[in-house]
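Note that the working numbering has the sequence shown beginning at 207, numbered continuously upward.
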Amino acid sequence: MTALPATEAEAEAAAELERLAREIAYHNRRYHTDDAPEISDADYDVLVRRNNAIEAAFPHLVRADSPSRLIGAAPASHLAKVRHARAMTSLDNAFSDEDVAEFVARLRRFLRLADDTAIALTAEPKIDGLSCSLRYENRRLVQALTRGDGTTGEDVTANVATIADIPKALPASAPELFEVRGEVYMAKADFAALNARLAAEAAETGKEARQFANPRNAAAGSLRQKDASVTASRPLRFLAHGWGEVSALPADTQAGVMAAIHGWGIPTRFPLNAFDTAAGLLGEYAALQALRADLPFDIDGVVYKVDRLDWQERLGFVARAPRWAIAHKFPAERAQTTIEAIHIQVGRTGKLTPVARLTPVTVGGVVVSNATLHNADEIARLDAHPGDRVVIQRAGDVIPQIVENLSRTEGRAPWPFPAHCPECGSEAVAEEDEVDVRCTGGLVCPAQRLERLKHFVSRGALNIDGLGEKTLVEFLDLGWIAEPGDIFRLATHRDELIGREGWQAKSVDALLAAISARREPDAARLLFGLGIRHIGIITARDLLKHYAALPAIRALAGEIIALRDAATPALGEEQAKFRNRLDKAIAERIGVENVGAAVGHALADFFHEAHNRAVWDDLLGEVTPPPFVVETRASEVSGKTVVFTGSLETMSREEAKAQAESLGARVAGSVSAKTDLLVAGPGAGSKARKAAELGIRVVDEAGWQAIVAAAG
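The following block contains the structure:
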């Protein structure tokens with residue numbers, strides 16, 4: 207039977223996440239690696255906020271290249287790369303009073319605190335600088351790293367040694383090992399003086415003056431110099447806000463530890479204010495916002511953190527960010543401009559995305575020259591045409607986003623959305639129940655072929671160093687690659703490649719070594735890299751946690767294909783009810799929490815095509831991904847399926863699930879013959895009865911905590 211389409215909402219969400227991932231990755235590189243951002247921090251934050259909102263509504267669509275999974279950007283090539291002993295995470299953001307209230311409520315729910323139990327939270331200004339970690343061993347500064355991508359940073363030890371704010375040694379009261387984390391920044395007055403000095407030096411030499419755009423760019427560019435003497439000539443400062451790896455902590459609260467760091471001679475916000483209510487936090491936010499223009503340094507918000515460290519430990523982390531902290535960002539601006547043209551971009555999945563080319567306009571100090579129009583429905587909603595005067599919003603849904611058309615005219619014909627792909631001329635169609643229009647050309651479409659290969663080798667997928675867009679284009683033009691498996695046969699072109707412009711034996715061998723190093727790739731990354739619709743890295747991991755190996759995923763797809771082919775409506779059954787019944791059957795067959803029928807249909811659609819099966823077989827003939835293994839603590843429930851039911855009294859359901867996964871267990875939502883353990887709290891009903899019928903082991907909450915404790 208014909209594949210049933212995913213819901214319109216899911217399809218639109220997946221397409222929007224793809225667009226956001228691409229746009230945010232670009233701005234990550236401009237900000238973290240190039241020190242040359244094209245949008246303001248507030249603008250970037252709104253992009254991330256929209257991404258997070260979509261992911262919250264559709265968790266199975268989360269992508270590896272989403273800002274919710276990644277931190278910063280890859281370290282620059284001219285500085286030595288060093289792995290952090292403890293990952294340098296980022297923060298989730300709040301943009302409204304309601305967001306802050308929900309953050310506090312979320313803490314209370316997770317910790318299962320009574321409404322009258324106070325939660326003390328610290329509040330401190332969020333300096334707009336460059337994150338840096340200072341490692342002290344035997345109380346002496348031995349290493350300084352930038353955040354980089356959160357896992358690996360750049361070694362800037364020699365440069366940091368020139369910053370007067372940072373002591374070379376700590377007093378005897380400090381622990382033997384302590385990693386201080388904070389921001390390297392440049393004060394506003396120092397920034398103005400530096401730009402004036404650079405302008406004067408340029409005038410003396412007759413060279414073009416290099417002016418930094420803002421203090422953050424100046425600080426980042428100054429800290430990441432090859433020559434430490436250049437850094438020494440720049441007025442950099444440091445403000446600590448936390449810590450990483452330590453041998454001991456001097457206090458049991460956030461405020462207490464920061465007070466100790468301050469006492470060691472390291473600049474901090476001191477004293478660090480703490481508040482017991484959301485209203486208190488918002489009051490501090492309002493006060494700092496009022497002072498923002500008069501502060502000696504740039505800030506872009508206020509950071510709130512749970513004060514008690516034992517609660518921080520319980521709350522832990524989700525993806526790239528701690529649950530126990532949030533950044534409350536300051537709002538941004540709007541401006542008016544004109545649509546000069548509407549162009550169509552073709553994405554990796556063939557989606558045709560209209561983009562408004564704008565008369566450049568400055569908003570919040572950043573020049574904006576284009577904005578996405580998303581799809582034909584959005585164009586119709588705005589009645590957008592070239593020549594229209596529009597309002598651009600810099601602090602709302604999407605950045606930049608057209609929020610109002612000032613030239614709307616009743617009765618005029620809509621802008622004609624193309625019926626054919628502008629890249630290959632193939633027919634462009636919208637599937638049933640979908641708003642997006644897609645090119646039907648597949649790999650014959652140049653736009654899709656390149657984008658699919660870029661996705662395959664990207665950091666979130668196979669992560670093959672040296673295969674950037676320029677190199678892929680070169681190999682595509684030479685006819686050496688067309689599909690993923692071709693990448694692993696590039697060694698046959700080694701001699702041809704040596705001597706081509708930009709290629710020497712050393713660089714060719716480095717590329718081939720990087721490719722060879724991926725012949726045993728992580729199975730989830732490989733599955734994600736194939737670009738199957740609705741299968742982001744999180745969904746790929748969830749599937750492989752359950753099915754362990756890629757052949758089992760293909761077998762699952764075959765079973766879903768057979769299930770769809772055999773499904774027929776009952777006599778008189780409405781199509782919508784039939785589709786719901788089939789979707790439920792597919793989701794039950796998958797049997798993985800948070801992985802629904804849309805994923806099942808996508809797998810079936812992919813493997814139903816002979817070409818895709820050929821690509822799969824060809825690729826697996828070149829690579830051998832090992833069985834998927836999740837890093838966990840060994841325990842008696844490792845590899846087993848656990849179900850929680852009833853009311854949990856000492857922890858939330860979310861915390862219980864996190865515990866189980868950390869012990870190597872799979873958490874399911876229903877009891878079946880595959881269930882190994884049922885944790886039953888008060889009020890357990892049908893699940894407990896079914897477990898008894900199936901002879902499944904049942905423990906209470908205390909029994910579960912004993913299992914957790916035994917794992918260490």
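Beta carbons are placed, not taken as given, at the ideal position from N, Cα and C, and that holds for glycine.
The three-state reading of DSSP puts W822 in helix, counting H, G and I together.
Setting aside the 5 residues that flank it on each side, L788 is surrounded in the same chain by L210, L769, R770, A773 and A803, each with a C-beta closer than 8 Å to its C-beta; the list follows chain order. Residue burial annotation: T474 is buried, with at least 16 other C-beta atoms found within 10 angstroms of its C-beta.
Taken in chain order, the complete beta strand (DSSP E) segments of 3 or more residues contained in the region 440-471 are 443-452.
Comparing alpha carbon positions, the residue from P628, G691, L684 and A636 closest to R658 is G691. According to DSSP, S337 shares a beta bridge with E389. Fully contained in the region 293-325 are the following alpha helix (DSSP H) runs of length 4 or more, in chain order: 303-317.
DSSP, read as helix, strand or coil, puts L347 in strand. Here L376 has Y342, R345 and W470 as same chain residues with Cβ atoms under 6 Å from its own Cβ, once five neighbours each way along the sequence are excluded.
Per the Cβ contact rule, the region 863-874 is not in contact with the region 817-830 (fewer than 3 Cβ pairs under 8 Å). The beta carbon of G522 sits closer than 7 Å to those of R529 and A864, all from its chain and outside the five residues before and after it, given in chain order. Contiguous alpha helix (DSSP H) elements confined to the region 671-743 occur at 675-684, 690-693, 700-703, 711-722 and 729-735, taking only those with 4 or more residues.
Assignment of beta-bridge partners to R563 by DSSP yields A547 and N576. With fewer than three CB-CB distances shorter than 8 Å, the region 289-304 does not count as touching the region 361-370. With 16 or more other CB atoms across the displayed protein chains lying within 10 angstroms of its CB, V574 is buried. Fewer than three Cβ pairs drawn from the region 310-325 and the region 457-466 lie within less than 8 Å of each other, which leaves the two stretches out of contact. In this chain, L854 is not harboured by any alpha helix (DSSP H), its DSSP state being neither H nor E.
For the 8 Å CB-CB criterion, V829 and H534 do not form a contact. In the structure shown, L383 falls within a strand segment according to DSSP collapsed to helix, strand and coil.
CA-to-CA, the gap between R739 and R269 works out to about 11 Å. The Cβ atoms of I687 and I721 do not sit closer than 8 Å to each other. Only exposed fits Y232, as fewer than 16 other CB atoms lie within 10 angstroms of its CB. In the assembly as shown, S337 is a buried residue. Its beta-carbon has 16 or more other beta-carbons within 10 Å. Around the C-beta of T851, 16 or more other C-beta atoms lie within 10 Å, and the residue is accordingly described as buried.
Taking a contact as a CB-CB distance under 8 Å, the pair G356 and S339 does not count as one, their CB atoms being some 11 Å apart. Rounded to the nearest whole angstrom, the C-alpha separation of Q911 and P273 is 34 Å. Three or more beta-carbon pairs separated by less than 8 Å link the region 541-549 to the region 590-599, which places the two stretches in contact. Take the alpha-carbon of F784 and the one of A793: they are about 14 Å apart. Where E360 is concerned, there is no enclosing alpha helix (DSSP H), although the beta strand (DSSP E) around it starts and stops at T358 to E360. Taking G735 as the centre and dropping the five residues before and after it, the same chain places the C-beta of F662, A667 and L668 closer than 6 Å to its C-beta, in chain order. DSSP places A286 in the coil class of the three-state scheme, outside both helix and strand. The beta strand (DSSP E) runs lying completely inside the region 466-535 and spanning 3 residues or more are 479-481, 505-512 and 531-535, given in chain order. Leaving aside the five residues that flank G448 on each side, the residues in its chain whose CB is nearer than 6 Å to its CB run, in chain order, R387. Annotation: the continuous alpha helix (DSSP H) that includes R658 extends over P652 to V663. Distance from the CA atom of R443 to the CA atom of A350, rounded to whole angstroms, is 14 Å. Put simply, the backbone Cα of G891 is about 59 Å away from that of L285.
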